[in-house]
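In what follows, a structure is listed as structure tokens, so that the remarks can point back to it.
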Amino acid sequence: MTTVPPTPFGPGFPADPYSRLAPFRESCPVARVTTPAGRPVWLVTRDEDVREAFLDPRLSMRGGRTGPYPPTRRALDVTLVGHDPPHHTRLRRLAAPWLTPVRVERYRPVVEAAAAGLLDAVARDDPADLMRFAHAFSFRAMCALLGVPQADRPWLYACAESVFARPVRDRATARSNLDRLDAYFHERVERRRASPGGDHGGDHGDDVVSAIVSAWEPGGPVSRDEVVSLCATLLLAGYESTAQMIGMSMAALLARPEALAALRADPGALPRAVEELLRFQTPGPFGTMRTASRDVPVGGTVIPAGGRVLLSIAAANRDPVRHADPDALDLGRASAARHLTFGLGTHFCLGSALARLELTVALHAILTRFPRITPAVPLDRLDWRGNHLNRGLAELPVRPKR
Numbered sequence: 238m239t240t241v242p243p244t245p246f247g248p249g250f251p252a253d254p255y256s257r258l259a260p261f262r263e264s265c266p267v268a269r270v271t272t273p274a275g276r277p278v279w280l281v282t283r284d285e286d287v288r289e290a291f292l293d294p295r296l297s298m299r300g301g302r303t304g305p306y307p308p309t310r311r312a313l314d315v316t317l318v319g320h321d322p323p324h325h326t327r328l329r330r331l332a333a334p335w336l337t338p339v340r341v342e343r344y345r346p347v348v349e350a351a352a353a354g355l356l357d358a359v360a361r362d363d364p365a366d367l368m369r370f371a372h373a374f375s376f377r378a379m380c381a382l383l384g385v386p387q388a389d390r391p392w393l394y395a396c397a398e399s400v401f402a403r404p405v406r407d408r409a410t411a412r413s414n415l416d417r418l419d420a421y422f423h424e425r426v427e428r429r430r431a432s433p434g435g436d437h438g439g440d441h442g443d444d445v446v447s448a449i450v451s452a453w454e455p456g457g458p459v460s461r462d463e464v465v466s467l468c469a470t471l472l473l474a475g476y477e478s479t480a481q482m483i484g485m486s487m488a489a490l491l492a493r494p495e496a497l498a499a500l501r502a503d504p505g506a507l508p509r510a511v512e513e514l515l516r517f518q519t520p521g522p523f524g525t526m527r528t529a530s531r532d533v534p535v536g537g538t539v540i541p542a543g544g545r546v547l548l549s550i551a552a553a554n555r556d557p558v559r560h561a562d563p564d565a566l567d568l569g570r571a572s573a574a575r576h577l578t579f580g581l582g583t584h585f586c587l588g589s590a591l592a593r594l595e596l597t598v599a600l601h602a603i604l605t606r607f608p609r610i611t612p613a614v615p616l617d618r619l620d621w622r623g624n625h626l627n628r629g630l631a632e633l634p635v636r637p638k639r
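Add 237 to a position in the sequence shown, counting from 1, and you land on the number used in our numbering.
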């Protein structure tokens, strides 16, 4: 019997949440623990139980706010993440048709061009920081999807970076930047509505903001603030997690030169490899906090009404019942596509197709451009940042030409 610690959280959790969560999955799969903020929660860690809970409408997203900033009156607080159907469904219907794999594939040339251009800077540095590339690349891809003009991108990027800094360096500045983002997307939505066919300075006339605004009917079931929030959420939620996924994937591959060589030899294997990398490392160890709207049985334990629930994606993705030898990176793993990195059910990640495209393009571009890339520091000394909600690398120094 594995000894279960009082909590999985603490120093080192961002670098390795898996070993911290494994004892809970093995011996106490639905456990009462306390978050670093001192909040008691129910922690769910087995794959079967996590899947069941993701699909249970009695586990509500409302009241599950877990970010570092208190609610405000800005439109950005009216998000997809913090609501259940039918509110969630109304918002999701606006964007979902424009984020399918088929539609997202139309952006591949733009995404590939972004990767190629940004890798020029990587080639000039020795060592180079792949995380700088990953953040700039993912942000540029999201801006292309949303039709953000080139002139707006530098300051918008600075705003977003301050919001996602871990630890939060300056809360007042981060809140101010959220207000700037709110005002910016209000202005973009109004311009699109006033001139649907006009030149708004973006990369495409068929960008997602234009599509959402064209489908929106003022006075209809979706408010202006909700449209603004949807557009901003796509940018903020999409770029940071994908950037971290690129970094963690490259770190995992650099630690396994044989895997790097296999992908170079067979680029056609990359789509399946991406699914395994998404299973093996995830920037979000948990799904968004849920609240039991009534007594809910999960894995043989009754979570009482009002109980807060953390569904552990990281623990489920390493569950040996679902994935044999789960702590090994197996790029040909048949079960890899059944990972839970994008969630499950109603709140399945709206941007999953774009994240897969970005990850595939970025890895292919890096491995093709730098066939002799090596880490510039010992990989066990990398600086991991984050908390129990999101995690990733502060930097990933590499020598691209050796």
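For glycine and all other residues, C-beta sits at the position ideal for the given N, C-alpha and C.
Taking the straight line between their C-alpha atoms, what separation do you get for residue i and residue j?
i: residue 375; j: residue 482; result: 10 Å
i: residue 242; j: residue 279; result: 14 Å
i: residue 330; j: residue 589; result: 15 Å
i: residue 451; j: residue 587; result: 19 Å
i: residue 344; j: residue 381; result: 8 Å
i: residue 546; j: residue 529; result: 7 Å
i: residue 438; j: residue 399; result: The pLDDT assigned to residue 438 is 47, lower than 50, so where the model puts this residue is not dependable, and the model offers no usable value.
i: residue 372; j: residue 622; result: 14 Å
i: residue 360; j: residue 501; result: 18 Å
i: residue 291; j: residue 583; result: 8 Å
i: residue 477; j: residue 607; result: 24 Å
i: residue 519; j: residue 335; result: 25 Å
i: residue 424; j: residue 453; result: 16 Å
i: residue 440; j: residue 320; result: Confidence is the limiting factor: at residue 440 the pLDDT is only 44, short of 50, which leaves the residue's position unreliable, though a coordinate-based value still follows. Computed Cα separation, rounded: 32 Å.
i: residue 254; j: residue 459; result: 39 Å
i: residue 262; j: residue 496; result: 29 Å
i: residue 338; j: residue 620; result: 34 Å
i: residue 570; j: residue 388; result: 43 Å
i: residue 304; j: residue 396; result: Low confidence applies to residue 304: its pLDDT is 41, below 50, so where it sits in the model is not reliable, and the reading given next is rough at best. So the alpha carbons of these two residues sit roughly 16 Å apart.
i: residue 306; j: residue 325; result: Because the pLDDT of residue 306 is 37, which lies under 50, any placement of that residue in the model is unreliable, and the number read from its coordinates should be weighed accordingly. Between residue 306 and residue 325, the C-alpha separation is close to 21 Å.
i: residue 392; j: residue 419; result: 14 Å
i: residue 301; j: residue 618; result: Per-residue confidence for residue 301 stands at a pLDDT of 44, beneath the threshold of 50, marking its modelled position as unreliable; the derived number appears in the next sentence. The alpha-carbon atoms of residue 301 and residue 618 are separated by roughly 34 Å.
i: residue 244; j: residue 275; result: 11 Å
i: residue 637; j: residue 251; result: 26 Å
i: residue 347; j: residue 581; result: 29 Å
At what residues does the beta strand (DSSP E) containing residue i begin and finish?
i: residue 587; result: Careful: residue 587 lies outside any beta strand (DSSP E) and carries neither H nor E.
i: residue 395; result: Here residue 395 belongs to no beta strand (DSSP E); instead the alpha helix (DSSP H) covers 390–401.
i: residue 540; result: 538–540
i: residue 281; result: 277–281
i: residue 528; result: 527–529
i: residue 636; result: 634–636
i: residue 272; result: Counting along the chain, residue 272 falls outside any beta strand (DSSP E), and DSSP gives it neither H nor E.
i: residue 429; result: Taken as a continuous stretch (DSSP letters only), residue 429 belongs to no beta strand (DSSP E), being part of the alpha helix (DSSP H) at 408–431.
i: residue 622; result: 621–623
i: residue 514; result: That residue, residue 514, is in no beta strand (DSSP E); its alpha helix (DSSP H) goes 507–517.
If residue i sits next to residue j, beta carbons under 8 Å apart, how far is it from one beta carbon to the other, in whole angstroms?
i: residue 293; j: residue 533; result: 6 Å
i: residue 563; j: residue 628; result: Not really, about 18 Å apart at Cβ, beyond 8 Å.
i: residue 527; j: residue 355; result: The Cβ separation is near 37 Å, so there is no contact.
i: residue 332; j: residue 449; result: 6 Å
i: residue 554; j: residue 273; result: At roughly 22 Å, the Cβ-Cβ gap does not stay under 8 Å, so residue 554 and residue 273 are not in contact.
i: residue 511; j: residue 289; result: That pair is no contact at about 26 Å.
i: residue 281; j: residue 266; result: 7 Å
i: residue 576; j: residue 515; result: 5 Å
Is residue j closer than 9 Å to residue i when the C-beta atoms are compared?
i: residue 284; j: residue 558; result: yes
i: residue 327; j: residue 463; result: yes
i: residue 600; j: residue 366; result: no
i: residue 597; j: residue 541; result: no
i: residue 369; j: residue 390; result: no
i: residue 537; j: residue 630; result: no
i: residue 513; j: residue 568; result: yes
i: residue 385; j: residue 473; result: no
i: residue 494; j: residue 605; result: no
i: residue 240; j: residue 256; result: no
i: residue 428; j: residue 455; result: no
i: residue 602; j: residue 268; result: no
i: residue 446; j: residue 383; result: yes
Would you mind reading off the limits of the alpha helix (DSSP H) that contains residue i?
i: residue 354; result: 345–361
i: residue 533; result: Looking at the DSSP string, residue 533 is not in any alpha helix (DSSP H); the run it does join, the beta strand (DSSP E), is 533–535.
i: residue 484; result: 461–491
i: residue 383; result: 367–383
i: residue 339; result: 338–341
i: residue 609; result: That residue, residue 609, is in no alpha helix (DSSP H); it is neither H nor E in DSSP.
i: residue 241; result: Where residue 241 is concerned, there is no enclosing alpha helix (DSSP H), given that its DSSP letter is neither H nor E.
i: residue 558; result: Careful: residue 558 lies outside any alpha helix (DSSP H) and carries neither H nor E.
i: residue 331; result: 324–332
i: residue 262; result: 254–264
i: residue 500; result: 494–502
Check whether the segment 535–552 and the segment 510–524 are in contact - that is, three or more C-beta pairs closer than 8 Å. yes
Kindly confirm or deny that the segment 606–618 and the segment 453–467 touch, where touching means at least three C-beta pairs closer than 8 Å. no
Quick check: the segment 485–498 against the segment 413–432, are at least 3 beta-carbon pairs closer than 8 Å? no
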